[in-house]
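Numbering (our numbering), first residue to last: 34 to 148. Positions of the beta carbon are idealized from the N, C-alpha and C atoms, including for glycine. Computed from a predicted model, the values in this text were never measured in an experiment. For reference, the structure discussed in these notes is given below.
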């Protein structure tokens, strides 16, 4: 049984309560998350994140590093949206493994000088 999504090192990780790592459940949860993101359903997107989220931005930008906890992660995501005018273009695929899943998403980051 999936208890929630958790972002860890840039990946969406599914947390399980002790039992099975069901690929079908991982796929269902990620596709539901992708649909909410594509529909701009912010309430459903935000509800998918676990309190212990770890959001990681690579590189050397002001956002680079690990943002631990729901408040820190959401602050970083909000800052990224302001800095980049980021907009989801499409979710190309859902990758599913035994205990992890990921979305392959295309985002438009807007005007380069704003980044």
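DSSP lists 89 as the beta-bridge partner residues of residue 99. A residue is called buried once 16 or more other Cβ atoms fall within 10 Å of its Cβ, and residue 110 is buried on that count. Under the three-state reduction of DSSP, residue 138 is assigned to strand.
For residue 137, the closest alpha carbon among the candidates 89, 103, 144 and 126 is that of 126. Annotated three-state conformation of residue 104 is helix, per DSSP. At the C-beta level, residue 87 and residue 129 stay beyond 8 Å of one another. Taking the Cα positions, residue 95 is about 26 Å away from residue 123. About 3 Å separates the beta carbon of residue 143 from that of residue 118, a gap short enough to meet the 8 Å contact definition.
With contacts defined by Cβ atoms closer than 8 Å, residue 121 and residue 79 do not form a contacting pair.
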